[in-house]
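To start, the structure itself, in structure tokens.
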Amino acid sequence: MRRIFLDTCIVIDFIEGTPEQQDNLKALIAGKEVFGSEFVRMESRLQAVRDQRDDLINIDDGYFDSCLLVPFERSLFDLASRLRIDHGIKTPDALHLAAALTSECEQFFTNDKHLAKAAGHQLDVWDWTRIGQAAGQRARP
Numbered sequence: 009m010r011r012i013f014l015d016t017c018i019v020i021d022f023i024e025g026t027p028e029q030q031d032n033l034k035a036l037i038a039g040k041e042v043f044g045s046e047f048v049r050m051e052s053r054l055q056a057v058r059d060q061r062d063d064l065i066n067i068d069d070g071y072f073d074s075c076l077l078v079p080f081e082r083s084l085f086d087l088a089s090r091l092r093i094d095h096g097i098k099t100p101d102a103l104h105l106a107a108a109l110t111s112e113c114e115q116f117f118t119n120d121k122h123l124a125k126a127a128g129h130q131l132d133v134w135d136w137t138r139i140g141q142a143a144g145q146r147a148r149p
């Protein structure tokens, strides 16, 4: 079974995005092992918590209840340090990428160009352009 990791920007769009975005992501992650982290969970719910949107917080919690959560252990932080230095990415991005790599994910969903560039050396990167193209191919007879 393929393993995929959704970073914060994709999770936010999955929960708060357009129905088309949500449907496209549901179709692409169906039947796959979906990974996340408590850190992605925290980041993805900040606006909903700030706005006191319990409806979105509940949807967010439901999504993360269905994910496999990557534990943040010392080895993950060591890898994140290396990724940050090698690719010049910010600490949160390095942690997301390290989480995907330590969980042996094959695909990494992100719309962050800097993070996609760093991940592209080691993972199959999917951004909204690629997600939309895959959705268009599924819709053809």
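So in our numbering, spot 43 of the sequence shown is number 51, and the numbers just go up one at a time.
All residues carry an ideal CB built from backbone N, CA and C; glycine is no exception.
DSSP three-state label for residue i, please.
i       : result
Gly-44  : strand
Leu-103 : helix
Arg-138 : helix
Ile-20  : helix
Phe-72  : helix
Arg-49  : helix
Determine the extent of the alpha helix (DSSP H) in which residue i is found, giving its start and end residues.
i       : result
Asp-94  : 82–95
Gln-130 : Here Gln-130 belongs to no alpha helix (DSSP H), and DSSP marks it neither H nor E.
Gln-55  : 54–58
Quick check on this structure: which residue in the options has the alpha carbon closest to the alpha carbon of residue i?
i       : options                             : result
Arg-11  : Asp-62, Ala-88, Pro-27 and Cys-113  : Cys-113
Gln-115 : Asn-66, Asn-32 and Leu-36           : Leu-36
Gly-144 : Phe-22, Asp-31 and Asp-21           : Asp-31
Lys-40  : Leu-103, Ala-56, Ala-124 and Leu-14 : Leu-14
Phe-85  : His-129, Ala-108 and Val-42         : Ala-108
Phe-80  : Arg-61, Thr-16 and Phe-47           : Phe-47
Cys-17  : Arg-49, Ala-106 and His-129         : Arg-49
Ala-106 : Leu-87, Thr-118, Asn-119 and His-95 : Leu-87
Short check: CB of residue i to CB of residue j, under 8 Å?
i       : j       : result
Thr-110 : Ser-89  : no
Val-19  : Ser-52  : yes
Cys-75  : Gly-25  : no
Ala-127 : Val-133 : yes
First and last residue of the beta strand (DSSP E) that includes residue i?
i      : result
Leu-33 : Note, Leu-33: premise wrong, no beta strand (DSSP E); alpha helix (DSSP H) at 27–37.
Arg-11 : 11–14
Exercise. Spell out a yes or no on whether the stretch 57–76 and the stretch 89–103 are touching, meaning 3 or more CB-CB pairs, one atom from each, closer than 8 Å.
Key: no
Practice problem: Mind the definition here: the stretch 119–129 touches the stretch 96–107 only if three or more C-beta pairs lie below 8 Å; say whether that holds. | Solution: yes
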